[in-house]
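Just below is one structure, and these are the notes that go with it.
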Amino acid sequence: MKKLFLLDGMALIYRAYFALSKNPRITSTGFNTSAIFGFANTLLELLRTQQPSHIAVAFDTMAPTNRHIEFESYKANRQAIPEDLAAAIPYVYRLIEGFNIPLITLDGYEADDIIGTLAKQAEAKGYTVYCMTPDKDFGQLVTENIFIYKPARLGNGAETLGVKEILEKWEVSDVKQVIDILGLWGDSVDNIPGIPGIGEKTAKSLIKQFGSMEAILANTNQLKGKQRENLETFAEQGLISKKLATIQLDVPVVLDEEGLLLGQPDKDILEPLFAELEFRTLGKRVFGEDFSLSGAQAVSGAQMDLFGNTAAPHTDTGEVYVPPVAGKNVHNTTHTYVLADTPASQQELAVLLSKQRSFCFDTETTGTDANTADLVGLSFAIEPGKAWYVPAPRDKEGCLQVLDCFKPLLEDESIEKVGQNIKYDILLLARYGIVVNGPLFDTMLAHYLIDPDTRHGMDMLAENYLGYTPIPITELIGPKGKKQGNMQDVDLAAITEYAAEDADITLQLKTVFEPLLEQAEVVGLAQEVEFPLVHVLADIERYGVKVDVPVLKQLSESLATDTVLLEKIVYDKAGVRFNIASPKQLGEVLFEKLALDPKAKKTKTGQYKTGEDILLALASKSDIVKDILEFRQLQKLKSTYVDALPAMINPLTGRVHTSYNQAVAATGRLSSTNPNLQNIPIRTERGREVRKAFIPTDENHVILSADYSQIELRLVAHMSGDKGMLEAFEKGLDVHRATAARVYGVPLDEVTSTQRRNAKAVNFGIIYGQSAFGLAQNLGIPRTEAAQIIEQYFAQYPGIKRYMNDTINFAKEHGYVETLLKRRRYLRDINSANQTVRGFAERNAINAPIQGSAADMIKVAMITIHEAIRQQGLRGKMTMQVHDELVFDVPKDELPIFKDLAEKHMKNALAISVPIVVELGEGSNWLEAH
Numbered sequence: 007m008k009k010l011f012l013l014d015g016m017a018l019i020y021r022a023y024f025a026l027s028k029n030p031r032i033t034s035t036g037f038n039t040s041a042i043f044g045f046a047n048t049l050l051e052l053l054r055t056q057q058p059s060h061i062a063v064a065f066d067t068m069a070p071t072n073r074h075i076e077f078e079s080y081k082a083n084r085q086a087i088p089e090d091l092a093a094a095i096p097y098v099y100r101l102i103e104g105f106n107i108p109l110i111t112l113d114g115y116e117a118d119d120i121i122g123t124l125a126k127q128a129e130a131k132g133y134t135v136y137c138m139t140p141d142k143d144f145g146q147l148v149t150e151n152i153f154i155y156k157p158a159r160l161g162n163g164a165e166t167l168g169v170k171e172i173l174e175k176w177e178v179s180d181v182k183q184v185i186d187i188l189g190l191w192g193d194s195v196d197n198i199p200g201i202p203g204i205g206e207k208t209a210k211s212l213i214k215q216f217g218s219m220e221a222i223l224a225n226t227n228q229l230k231g232k233q234r235e236n237l238e239t240f241a242e243q244g245l246i247s248k249k250l251a252t253i254q255l256d257v258p259v260v261l262d263e264e265g266l267l268l269g270q271p272d273k274d275i276l277e278p279l280f281a282e283l284e285f286r287t288l289g290k291r292v293f294g295e296d297f298s299l300s301g302a303q304a305v306s307g308a309q310m311d312l313f314g315n316t317a318a319p320h321t322d323t324g325e326v327y328v329p330p331v332a333g334k335n336v337h338n339t340t341h342t343y344v345l346a347d348t349p350a351s352q353q354e355l356a357v358l359l360s361k362q363r364s365f366c367f368d369t370e371t372t373g374t375d376a377n378t379a380d381l382v383g384l385s386f387a388i389e390p391g392k393a394w395y396v397p398a399p400r401d402k403e404g405c406l407q408v409l410d411c412f413k414p415l416l417e418d419e420s421i422e423k424v425g426q427n428i429k430y431d432i433l434l435l436a437r438y439g440i441v442v443n444g445p446l447f448d449t450m451l452a453h454y455l456i457d458p459d460t461r462h463g464m465d466m467l468a469e470n471y472l473g474y475t476p477i478p479i480t481e482l483i484g485p486k487g488k489k490q491g492n493m494q495d496v497d498l499a500a501i502t503e504y505a506a507e508d509a510d511i512t513l514q515l516k517t518v519f520e521p522l523l524e525q526a527e528v529v530g531l532a533q534e535v536e537f538p539l540v541h542v543l544a545d546i547e548r549y550g551v552k553v554d555v556p557v558l559k560q561l562s563e564s565l566a567t568d569t570v571l572l573e574k575i576v577y578d579k580a581g582v583r584f585n586i587a588s589p590k591q592l593g594e595v596l597f598e599k600l601a602l603d604p605k606a607k608k609t610k611t612g613q614y615k616t617g618e619d620i621l622l623a624l625a626s627k628s629d630i631v632k633d634i635l636e637f638r639q640l641q642k643l644k645s646t647y648v649d650a651l652p653a654m655i656n657p658l659t660g661r662v663h664t665s666y667n668q669a670v671a672a673t674g675r676l677s678s679t680n681p682n683l684q685n686i687p688i689r690t691e692r693g694r695e696v697r698k699a700f701i702p703t704d705e706n707h708v709i710l711s712a713d714y715s716q717i718e719l720r721l722v723a724h725m726s727g728d729k730g731m732l733e734a735f736e737k738g739l740d741v742h743r744a745t746a747a748r749v750y751g752v753p754l755d756e757v758t759s760t761q762r763r764n765a766k767a768v769n770f771g772i773i774y775g776q777s778a779f780g781l782a783q784n785l786g787i788p789r790t791e792a793a794q795i796i797e798q799y800f801a802q803y804p805g806i807k808r809y810m811n812d813t814i815n816f817a818k819e820h821g822y823v824e825t826l827l828k829r830r831r832y833l834r835d836i837n838s839a840n841q842t843v844r845g846f847a848e849r850n851a852i853n854a855p856i857q858g859s860a861a862d863m864i865k866v867a868m869i870t871i872h873e874a875i876r877q878q879g880l881r882g883k884m885t886m887q888v889h890d891e892l893v894f895d896v897p898k899d900e901l902p903i904f905k906d907l908a909e910k911h912m913k914n915a916l917a918i919s920v921p922i923v924v925e926l927g928e929g930s931n932w933l934e935a936h
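Take the sequence shown: its position 659, counting from 1, is numbered 665 in my numbering, and each next residue is one higher.
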C-alpha cells in the first residue's frame, strides 16, 4: 500500500515546545531540548504505529509569500518565536536528516501550500495521504484519500480525520466550506481579520444557511442589524480573508516518489546528535539497548543558532560550563576495583577508611524499598579510580560480621559520608542496627541545588559531568519486568565492577559539584539545610505512622454509599442515566441536553471538555455541576487514599512509611510518595476525615500538630516591606478581613463574607501572579470587577507591587531569583521576546522566592527540632511533614515539652520582620490535632 505522510514541521515543533513548557527538558549546558525531544517522540510514534511507505516534512522559509504581498499585515501580530525554540530548529533539521526523511521548503510558499500540492499529486497517483498537523485549516484538503492525522497529546490518542469527521466538526456539507467559515471567522494567530462580530458559531450558521461567503454577501438583505452592516461594510475584507485561508494547490513542486520512500535511520548522524542533546532513552528506542552516550560521541558541545552557527553553551551561573566529551566507561578507563571478601581484607579496608576525613559508600540490595530490601553488599571509595566492594553473606552470622567491621566507621561523627541519594542507604542500614552519623554530601542533592529544574539520577550526572557511562543494572539482572533477576544471584566479579563503580563515580561527581556549589553560592544551603535534613527525613520515614484500618474501612463504606446517592441525585437533575465518569457522555448531558454553556469548548476529538477547571467555572451556575464535582472528589478520595492506605502498611512494622523527596520540586518544597501525604484533601469535610485514620502509637501517646499560620503571606509582607501588610500582621488582625477593608474602603467590622472571600483569593492569587482573568474565573465574577479589585489591591499595598516589579527586574538581570537562604530558581525564559513564555517565567519569579523561603523555613525548623529531641533524649517522634505543618507522635507526659519545643524552633527558624504564629493542636488522631 502506498501510504504518504506529509508533516507540517513548524506547527509540530511549536506544539512540542509548548506541550513541555511547564516542565522543559534542559541539558547540562542549559540548552532547552523540549521542541526537539517532543518532535522526535512524535516522529518515532508515527513510524512505529503508522508504518508509512513514503514521508516528507515541509517547512516555511523566511521569505515573504503572496499572502504577505496581498495583505501586508498577514501574520503580523504573531508573537516572536521563543528563543529556545529558535535555537532548536537546526537540531530538528539534523534529526530529520538523520532519519533520511526529505525536508521540503520553497521560498514564497508556506508549508501548508507545499503539503496541499503534494497531497493532491500523490492522490492522483494512487496514494493514501495523511497531512500531519494540528492546524485547523487543513480540513479543506480532506477527500476520500486525503486525511488529517493529529498526533497524540496530553493523554489523548492520535486522531485521523476524514471527510465524515470534517463535515461533522465544521457542520458543513462540503469540506471546501471550511474556507468560507475561516474567512468569516478569521484567525487571530495568522492575523486573518474575517468579519467583525462573527465568531465560529455564527460563521457555521451562516454557511449552513447560504452555502458560501459569496452567497452571503449577495443576500445581505436577508440579514438584520449589526450583522448585516458588518457584512456589507467589510465584504472586501471577508473575501480577502477567505483567500488568505485558502491552501494553494499549484506550488511548483513535483512529487518525487523514490525520494520520499522511507529509509533507515543514519546512525552516523543520529548517534552524535542524541549524545549532544543527552537523549539516552530516544537513542535506545532507535538503536536498541546497546546505545549509550559514551559510545556516541557528540559532534560538539556547542549550541547552534537559528542559522546553524555554533554558539557557546550558556549556564545561568554566569560561567560557561563545557561538559566533557562522552566516551568513557568501565571497559576503557583505568581503574582499580577490589573485592574485599575475606575478614583480613575487610579489616585492612576498615583501617584505611578510619584514617579518612571523608569517604564515599553505597549499598547493594535486593530491592528499591529500603524498608523491605535486604543488604547484598557495601562499596567504598576514597579517591578517583579506586574502590572496594564488600559482599554481605546471605547467612545472618556472616552478614553481621561484615557490618560489625564497618559499623564504627559509618557511625563515626567526625567522618563525612558521601553518597548518591544517601537517605536510602541510611534507611537500609538502620534496619541492621547501624546509625549513620557525621556530615553528609549527597551528589543528588548537590546537583538539585546547582540546577533544580533538571534530573538528578547518577547515570545521567555521570554522562553529563564526567563523560562516563556507568554499567546499567539491566546488564546484571536483566530488563524490568517479572523476569528481572536479583542482585543476590549476580556473579561476584560482575557485582564488584558494578558496585565499586557506583562509589567511584559518586565520589568523582562530588569533586565536580563542590566548586559548582560555590559558584552558585549555595554551599551554606547544602551544608546547613539540605544535607542535614537527610538524617531527619530518614528518621521520619523509618519510624513511620500508624493508621487505623477499621476507621478507613468504615470511611470506605460511607464513601461508597454517598457516591451511589450522589449518582442518583445527578441522574434525577439530568433527567437521564449516564456514565458520570465518561467525559463524552458527561459533556453531552451538560452542554447539549442541559445547555449549561452555549460556548462550551471541545477537545480535538470533537467531544466537550469536562476537566475540573471547566466544571469549577460552571459550578456557581448549576447545582448539578457541584454534585458532579463532589462525586469525582469522593471517588478519587476512596481509591487514592481510603482503599489504598491499608495496602501500604509494612507487615514488619505495622505502620505506613512514606518516602520524602528532596530533589523533585524546583521551589525547594518537599514532596512525598507512597502515600503522597501532601495531596490528602483538607478543604472538604470528607477529605479531612482521612486524617482521622492517622493515629498515635497507643493510648499513652497523642498526635501533636504544629502548623505555620499564613506563612507565605507573612513572608510576602517581610520581603516586600509593605507597610499596610506589615501593620495587619503586627496588630494580629485577620489579614484577609484587613485586606478587604482596604480594597473595598469599609471599616473592618463591616466587611462582608463575600468581600473577605474575594480579598483572600487576591492575597493568595498574587503570590502566584494571578491575572484578572484568573481571579474572575476563581471567584465567578466579571473580569472587569476582578481587574478593579486587583487595581485597588495594588493601590492599597504599593510595597507588594514594587516587590513584584523589583523581583522580575532582578530576574531579568541575573537569570534567577532566590529565597531568603539564597536558594536559586533559574528562569531561562525571563527575557524571552515571546509574551506567553516570558509571562510564565515572570509568574515563577514572583512565586519562587516566597514558596522557596517557606520551604527553607520549615526545613530549618525540622532540623533544629530533630536535634533538640535527640539532645534531650525524648521518646516522642516527628512523623510527618505536610506543607507548612509538622506532625508528632508524642508520649502524653512529654506533650508540654514538645509543644514548647515545636513552637520555639518553628518561630525562630528564620529571622523575619513579621510575627510568626504557630498553631498547635493535639488529639487522638491527626484530624483532632489539626
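Heads up, the beta-carbon is just placed ideally off N, CA and C, and yes, glycines get one too.
For residue i and residue j, what's the separation of their Cα atoms in angstroms?
i, j, result
"V823", "E51", "38 Å"
"S919", "E481", "56 Å"
"E928", "H936", "7 Å"
"T569", "L635", "11 Å"
"R808", "G771", "16 Å"
"A376", "D272", "43 Å"
"L266", "P258", "17 Å"
"G289", "S40", "16 Å"
"A915", "T870", "8 Å"
"A350", "V441", "24 Å"
"E469", "A281", "9 Å"
"I688", "S27", "29 Å"
"H889", "K361", "42 Å"
"R583", "A650", "29 Å"
"L13", "M912", "57 Å"
"V662", "V553", "7 Å"
"S626", "V557", "33 Å"
"F846", "S838", "10 Å"
"E177", "T378", "60 Å"
"G314", "A62", "Any reading at G314 is ruled out, since the residue's pLDDT is 31, under 50, leaving its predicted position unreliable."
"I477", "I456", "25 Å"
"E129", "K642", "49 Å"
Measure the CB-CB distance between residue i and residue j and report whether it falls below 8 Å.
i, j, result
"L739", "V648", "no"
"F735", "P921", "yes"
"R697", "L901", "no"
"T664", "S645", "no"
"V17", "D141", "Note on residue identity: the sequence assigns Ala, not Val, to residue 17. A contact, by the Cβ cut-off of 8 Å."
"A452", "F367", "no"
"D895", "P652", "no"
Quick one: what's residue i bridged to in DSSP?
i, result
"Y832", "Y822"
"V98", "Bridge partners of V98: none, in fact."
"T480", "Looking at the DSSP assignment, T480 forms no beta bridge with any residue, so it has no partner."
"M464", "Paired residues: none, contrary to the question."
State the CB to CB distance for the pair residue i and residue j, rounded to an integer number of angstroms; the pair is presumed to be in contact (CB under 8 Å).
i, j, result
"T449", "T512", "5 Å"
"P88", "D835", "7 Å"
"E967", "Y343", "Residue numbering for the chain in the displayed model covers 7 to 936; residue 967 lies beyond these limits and cannot be assessed."
"S420", "G444", "6 Å"
"L5", "F537", "Residue numbering for the chain in the displayed model covers 7 to 936; residue 5 lies beyond these limits and cannot be assessed."
"G189", "A251", "5 Å"
"A241", "L223", "5 Å"
Kindly provide the ranges of any alpha helix (DSSP H) runs that are 4 or more residues long and lie completely inside the region 366-449, ordered along the chain.
DSSP runs (the alpha helix (DSSP H)) wholly in the region 366-449: 402-417, 428-436.
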